[in-house]
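Colleague: Pasting a structure below so you can have a look.
Protein chains: 2
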Amino acid sequence: MNTLAYGLLSLLSHSSLSGYDLMLRIQPFWPAKHSQIYPLLARLERNGMVSCELVQQSDKPDKKVYSINDKGIAALQEWLTVPASDPVMRDELMLKAFCMSHVDPAVSRELFAARLEHYRNKLERLCQKIKSVRQVDELEEDQMPSYQSPYFGAYIMLNKALMSCRTNIEWCEWVLAVIPVEEASVE
Amino acid sequence: MNTLAYGLLSLLSHSSLSGYDLMLRIQPFWPAKHSQIYPLLARLERNGMVSCELVQQSDKPDKKVYSINDKGIAALQEWLTVPASDPVMRDELMLKAFCMSHVDPAVSRELFAARLEHYRNKLERLCQKIKSVRQVDELEEDQMPSYQSPYFGAYIMLNKALMSCRTNIEWCEWVLAVIPVEEASVE
DNA sequence: TTTATTTATGTATTTTTTTACATATAGAAT
DNA sequence: ATTCTATATGTAAAAAAATACATAAATAAA
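Protein sequence lines, in the order shown, are assigned to chains L and E.
full-length UniProt numbering applies: residue 1 is where the first sequence begins, and numbers increase by one.
full-length UniProt numbering applies: residue 1 is where the second sequence begins, and numbers increase by one.
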């Protein structure tokens, strides 16, 4: 039972999902490819954590829908009592930023302009998603889901993503403001 | 040449460092253990990217100090022209947050209280570091390093870390404010 | 004087993650 | 008709990362 396994159980604790859906939904929090998800789901099924049901579809290929079992819920509850390990962030841009002074400012500006664009797109997607969650949970203006609501966790995470995204945009804009536009003159 | 290899070159582009120092310094941007660093440095040396010199020390064990070569600098300059890949963030707390509603609010509060403490400690370390960088680069109030300064990159990264850390603290405090203190009453 | 910690470097093994290989259905576009 | 994309599931192989195994010098603490 590694972190990804618990992550899958966590997603399944609110609704039954296919491996493909799990793969798409876990991306923002714990990036993983389908080649990691499918074998892990099979293992979780062997361990009795989840159950699987084949669902026929007419408009799309058939799928296997996984549901969490009591054993899976118990594993989650146990897992929630142990402190979360420190977050791990790996950002190539940070490594590039460190040696930026070795290239023309224009090259550096390009890197940060691309990243700014990336965060602006992300912000737009997040705003739409937060709106849809508010709609699904039938929330009024400035109201948030109750602790018991399955949307409580999703809501606080979306809020974090939103806050982080805005901070990152602010930072990129600041960086673009402090990198000289013209090639710096040599005295 | 993977990202970690470029990361090591990036750090070496401003000053010669031992494998041990590189391991400590790359942590905030690209976590890596010494078992990854040492063999990679040997490979970079074989490829002519870096050179190595044995330095005797009297107060501590001897060390191998690595310096970047022209070939290493050229590799960095080339690398800086290709867009940075998307940042990867893996946070177990996010996965736990999603299934929080399955346990008592007190259990959830504990998770976020611990994380808040983590970020507060980080903020303190960052403030000290930013102060020391300002001192080393002999900066006056509200002045920042020039683009050519080797501290420019370090400065903008420290600023990002600072901004992110504050946002995370704000978020943790908000989460602790919205998680009910008492066990929620059942109607 | 023994023990613990920090600094310092390395290898071996295991786990995790990514990339590539492989197949297949359904709809949309060309 | 063919191609492309999204959906859907799987395995094989390679790369990256973490853990464990190993050693050692120097200092500080018990």
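The beta-carbon is built from N, C-alpha and C at its ideal position, and this holds for glycine as well.
Given this structure, state the Cα-to-Cα distance separating L/T167 from E/A74, to the nearest angstrom.
Modeller: Whole-angstrom Cα-Cα distance: 33 Å.
Colleague: List, in chain order, every chain E residue whose beta-carbon is nearer than 8 Å to that of L/Q77.
Modeller: Neighbours of L/Q77 on chain E, chain order: H102, V103.
Colleague: Does the Cβ of E/V175 have 16 or more other Cβ atoms within 10 Å, making it buried, or fewer, making it exposed?
Modeller: Buried, because 16 or more other Cβ atoms sit within 10 Å of the Cβ of E/V175.
Colleague: Compute the Euclidean distance between the alpha carbons of L/D62 and L/E78, then round it to the nearest angstrom.
Modeller: About 34 Å.
Colleague: Thinking C-alpha only, which one of L/N47, L/G72, L/N69, L/L12 is nearest L/P150?
Modeller: Here the closest residue by C-alpha is L/L12.
Colleague: If we cut at 8 Å on Cβ distances, does E/D142 have a partner in chain L?
Modeller: So no, E/D142 is outside the interface.
Colleague: Can you tell me which of the three DSSP states E/I179 falls into?
Modeller: In the structure shown, E/I179 sits in coil (DSSP, three-state: anything other than H, G, I, E or B).
Colleague: Can you tell me the Cα-Cα spacing of L/Q57 and L/V65, whole angstroms?
Modeller: Taking the straight line joining both Cα atoms gives about 12 Å.
Colleague: Along the stretch 59–88 of chain E, what residues have a CB closer than 8 Å to any CB found in chain L?
Modeller: Within the stretch 59–88 of chain E, the residues whose Cβ lies closer than 8 Å to some Cβ of chain L are I73, L76, Q77, W79, L80, T81, P83, A84, S85, D86, P87, V88, listed in chain order.
Colleague: In chain E, what lies closer than 8 Å to L/D137 by C-beta?
Modeller: Near L/D137 there are no residues of chain E at all, since even the closest Cβ is about 12 Å away, more than 8 Å.
Colleague: Tell me whether E/P39 is buried or exposed, calling it buried when 16 or more other Cβ atoms sit within 10 Å of its Cβ.
Modeller: So E/P39 ends up on the exposed side.
Colleague: How about L/L93 and E/P87: do their beta carbons lie closer than 8 Å?
Modeller: Cβ distance < 8 Å, so L/L93 and E/P87 count as in contact.
Colleague: Over what stretch of residues does the beta strand (DSSP E) that includes L/V133 continue unbroken?
Modeller: Taken as a continuous stretch (DSSP letters only), L/V133 belongs to no beta strand (DSSP E), being part of the alpha helix (DSSP H) at 105–136.
Colleague: Could you tell me the distance, in whole angstroms, from the CA atom of E/S101 to the CA atom of E/K60?
Modeller: Those two C-alpha atoms are separated by around 52 Å.
Colleague: Going by C-alpha distance, which of E/L123, E/S10, E/G153 is nearest E/D137?
Modeller: It is E/G153.
Colleague: May I ask you to list the residues that DSSP assigns as paired with L/C52?
Modeller: Beta-bridge pairing links L/C52 to L/Y66.
Colleague: Going by alpha carbons, who is nearest to L/A5 out of L/L44, L/A113, L/L80?
Modeller: Closest option to L/A5, Cα to Cα, is L/L44.
Colleague: Quick one: grab the DSSP three-state call for E/M1.
Modeller: Reduced to three states, the DSSP call for E/M1 is coil.
Colleague: Identify the residues that DSSP records as bridge partners of L/V88: which are they?
Modeller: BP columns for L/V88 point to E/R90.
Colleague: For a cutoff of 8 Å on Cβ pairs, would you count residue 266 of chain L as touching chain E?
Modeller: Because chain L is modelled from 1 through 187, residue 266 of chain L falls outside the range shown and cannot be assessed.
Colleague: Looking at the secondary structure, which residues open and close the alpha helix (DSSP H) in which E/Y20 lies?
Modeller: Looking at the DSSP string, the run of the alpha helix (DSSP H) that includes E/Y20 is 19–26.
Colleague: Roughly how many angstroms separate the alpha carbons of L/V103 and E/P83, rounded to a whole number?
Modeller: Spanning the two alpha carbons is a distance of roughly 14 Å.
Colleague: I want to see whether chain L comes within less than 8 Å of E/I156, judged by CB atoms only; does it?
Modeller: By this cut-off, E/I156 is an interface position.
Colleague: Would you call the stretch 115–131 of chain E and the stretch 158–172 of chain E in contact, with 3 or more CB pairs under 8 Å?
Modeller: Touching, per the Cβ criterion.
Colleague: From L/A106 to L/R115, what distance separates their C-alpha atoms?
Modeller: Cα-Cα distance, rounded: 14 Å.
Colleague: Is the beta carbon of L/S67 closer than 8 Å to that of L/S18?
Modeller: Contact flag unset, no.
Colleague: Looking at the C-beta of L/L126, does it have a partner C-beta in chain E at a distance below 8 Å?
Modeller: Not one chain E Cβ lies under 8 Å of L/L126.
Colleague: Taking 8 Å as the threshold (beta carbon to beta carbon), is residue 188 of chain L in contact with chain E?
Modeller: As shown, chain L starts at 1 and ends at 187. That puts residue 188 of chain L outside it, with no answer to give.
Colleague: So the alpha helix (DSSP H) L/H102 belongs to, where does it begin and stop?
Modeller: That residue, L/H102, is in no alpha helix (DSSP H); it is neither H nor E in DSSP.
Colleague: Assuming contact is defined by CB atoms lying nearer than 8 Å, are L/S10 and E/L95 in contact in what I supplied?
Modeller: The answer is yes: Cβ separation under 8 Å.
Colleague: Can you name the residues of chain E whose CB is closer than 9 Å to the CB of L/E45?
Modeller: What L/E45 touches in chain E: nothing, since even the nearest Cβ is about 19 Å away.
Colleague: Using a Cβ-Cβ cut-off of 7 Å (strictly less than) and excluding sequence neighbours within five positions of L/L54, which residues of its own chain qualify?
Modeller: Contacts found: D62, K64.
Colleague: Would E/N2 count as contacting chain L if we go by Cβ distances under 8 Å?
Modeller: E/N2 does not count as touching chain L.
Colleague: Suppose you measure from the CA of L/K122 to the CA of L/W171; what does that come to, to the nearest Å?
Modeller: Their backbone Cα atoms lie some 15 Å apart in a straight line.
Colleague: Identify, in the order they occur along the chain, each residue of the same chain with its Cβ nearer than 8 Å to the Cβ of E/L22, setting aside the five sequence neighbours on each side.
Modeller: For E/L22, where only same-chain residues beyond five positions count, the Cβ hits under 8 Å are L8, L11, L12, I37, L41, Y66.
Colleague: To which residues of the same chain is E/G48 closer than 7 Å at the C-beta, ignoring the five residues directly before and after it?
Modeller: N69, K71.
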